[in-house]
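Everything below concerns the one structure shown next.
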Amino acid sequence: PWGVGSGGERLRAQGRLVGEAAGEKDAGAIVEALRNPEQRVTISQAPAPPPGRAPRAAGETPRQLVGHPAAPGVATGRVRRIRTADDLGRFHAGEVLVCDAIQPTMTHLVPLAAAVVERRGGMLIHGAIVARELGIPCVNGIADAADILADGDLVTVDGHLGIVTVGEPEFELERTGPGRTEG
-12 PWGVGSGGER LRAQGRLVGE AAGEKDAGAI VEALRNPEQR VTISQAPAPP
38 PGRAPRAAGE TPRQLVGHPA APGVATGRVR RIRTADDLGR FHAGEVLVCD
88 AIQPTMTHLV PLAAAVVERR GGMLIHGAIV ARELGIPCVN GIADAADILA
138 DGDLVTVDGH LGIVTVGEPE FELERTGPGR TEG
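Just so you know, we're using the working numbering here: the sequence shown kicks off at -12 and counts up by one.
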């Protein structure tokens, strides 16, 4: 559950925390329960979406996905989702590589990609480091990227701001290299 943390998990294991999710307002109650062994905490709120995931109607694709800027640059291309090793052979040069995280077995695809979008986030994960070394835009930390984006979707990846825009870009892009552009 989002927001419960290790203290909340300990209370849940002891049978002193009841509920499905916790938000910031419940954090104080959890801290007090950790201090007072007799106190029980009941959480009855609906879970809040995790960062990077905005509520939307079924079937509706958001115009922008916001993640972490991991490698600078801007590139536009068609999405290619890589979920398993079987998908590796379907990737073509100039596509935007969308995956959970760049694994060492996938590293050979990164130089071919216009950009990289990863579910896992951080400046020091393998995909972000490889993308920066190769000068390829990378945005990571987008929880549902591989579920929201479909193979063939046109996207613009802004590695400076950490934004993936779905559809035609609304600004003029200047080509700076194969598959790579600057806004």
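The beta carbon of each residue, even a glycine, is placed where N, CA and C say it ideally should be.
- Determine, using beta-carbon pairs with one atom in the region 129 to 147 and one in the region 83 to 90, whether at least three such pairs fall under 8 Å. yes
- Message: Using only the alpha-carbon positions, how far apart do H147 and V104 sit?
- Response: 13 Å
- Could you pull out every residue in the same chain whose Cβ sits closer than 7 Å to the Cβ of I116, ignoring the five residues on either side in sequence? none
- Return helix, strand or coil for D134, following the three-state DSSP convention. helix
- Query: Just checking, does the region 67 to 81 make contact with the region 110 to 129 on the three C-beta pairs under 8 Å criterion?
  - Reply: no
- Do the CB positions of D145 and V153 come within less than 8 Å of each other? no
- So is A100 buried or exposed if we call it buried at 16+ other beta carbons inside 10 Å? buried
- Query: How long is the line joining the alpha carbons of V97 and T48, rounded to whole angstroms?
  - Reply: 26 Å
- Where T92 sits in the DSSP three-state scheme: helix
- Query: Run through DSSP, which three-state label would H55 get?
  - Reply: strand
- Could you have a look at D145 and say whether DSSP puts it in helix, strand or coil? strand
- Query: Given that a residue counts as buried once 16 or more other Cβ atoms are within 10 Å of its Cβ, and exposed if not, what is A72?
  - Reply: exposed
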